[in-house]
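Worksheet: one structure, shown below.
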């Protein structure tokens, strides 16, 4: 560079958030959306606290100087791990919980902190090597700084684009789950569960099935009833085994002998 040439201004690390930045702006908008949605939010906290957390997360991402989309993803994941660790430390130190209950939060915080460190090292290893420059890549540019509040407002507007648009481009209301729709889904799932439990059985020719799915053991069960009773007993033993394991009991459940008149649940 000639001695009389003007010194170029320092590169603005926040240029990655610009509409015409060095990384695809659509990709960056989605990366920022992913990052902000993963942050711990208290619905009762002041807006200023939440905005500072959002801005801190974006500052952390820009401080990593990602050079391409892969490094942006590594940065987003590492920041998510950092905030997860911070949230778990907070939960573990909350004195409203009984003594000793915070140990699991400390363990989760330590795991998230180690994940944060591992991701940072992975990013540093990648950035230790120069990126391959494809033919025709535009030259690097310098960018002016941006006001924090304006930058957040601008990114918020960009992230919200399309959330109230229908597929034909006309405004439309966002649809949500109604109580009737939830009831319909629950009924379908219950039907599928029952069908899976009765798979392979001749239910149509099996007499004596109770409304709740159980059966009273008859004096002389038919082959279809025998198969149904065996299936119900097997499911019951499987459920008891799972309950025992959840309660720390490793012993197998006892198999009771069935007699006419016994209820098979």
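Numbering (my numbering), first residue to last: 114 to 378. Note that CB positions come from ideal geometry on N, CA and C, so glycine has one too. As the structure is a prediction and not an experimental result, all values here were calculated from the model.
Point to revise | DSSP three-state assignment for residue 376, whether helix, strand or coil | key: DSSP places residue 376 within a strand segment (E or B) once states are collapsed to three.
Check your understanding: How big is the Cα-Cα spacing for residue 202 and residue 154?
Key -> Straight-line measurement puts the Cα of residue 154 at about 15 Å from the Cα of residue 202.
Check your understanding: DSSP on residue 129, reduced to helix/strand/coil?
Key -> In the displayed model, residue 129 falls within a helix according to three-state DSSP.
Check your understanding: If you check the beta carbons only, do residue 174 and residue 189 fall under 8 Å apart?
Key -> Result yes, Cβ atoms of residue 174 and residue 189 sit closer than 8 Å.
Check your understanding: With C-beta atoms as the reference, is residue 198 less than 8 Å away from residue 229?
Key -> Cβ distance < 8 Å, so residue 198 and residue 229 count as in contact.
Review point. Can at least three beta-carbon pairs, one atom from the region 367-378 and one from the region 319-336, be found at a separation below 8 Å?
Key: Touching, yes.
Check your understanding: Could you give the distance in angstroms between the alpha-carbon of residue 364 and the alpha-carbon of residue 341?
Key -> Whole-angstrom Cα-Cα distance: 26 Å.
Check your understanding: Which class does residue 268 belong to by DSSP, given the choice of helix, strand or coil?
Key -> Here residue 268 carries a helix assignment [DSSP, helix/strand/coil].
**Study point:** Rounded Cβ spacing between residue 130 and residue 268 (contact assumed at less than 8 Å)
**Key:** Between the beta-carbon of residue 130 and that of residue 268 there is about 6 Å, and that keeps the pair under the 8 Å contact cut.
Exercise for review: Would you list the residues sitting across from residue 322 in a DSSP beta bridge?
Suggested key: BP columns for residue 322 point to 328.
Check your understanding: Is residue 169 helix, strand or coil by DSSP?
Key -> Reduced to three states, the DSSP call for residue 169 is helix.
Exercise for review: Taking all protein chains shown into account, decide if residue 206 is buried (16 or more other Cβ within 10 angstroms of its Cβ) or exposed.
Suggested key: Exposed is the call here.
Check your understanding: CA-CA distance, residue 165 and residue 311?
Key -> About 56 Å.
Check your understanding: Residues in its own chain within less than 6 Å of residue 306 by CB, not counting five upstream and five downstream?
Key -> By the criterion of a C-beta distance shorter than 6 Å, residue 306 is surrounded by no residue of its chain, once the five residues flanking it on both sides are discounted.
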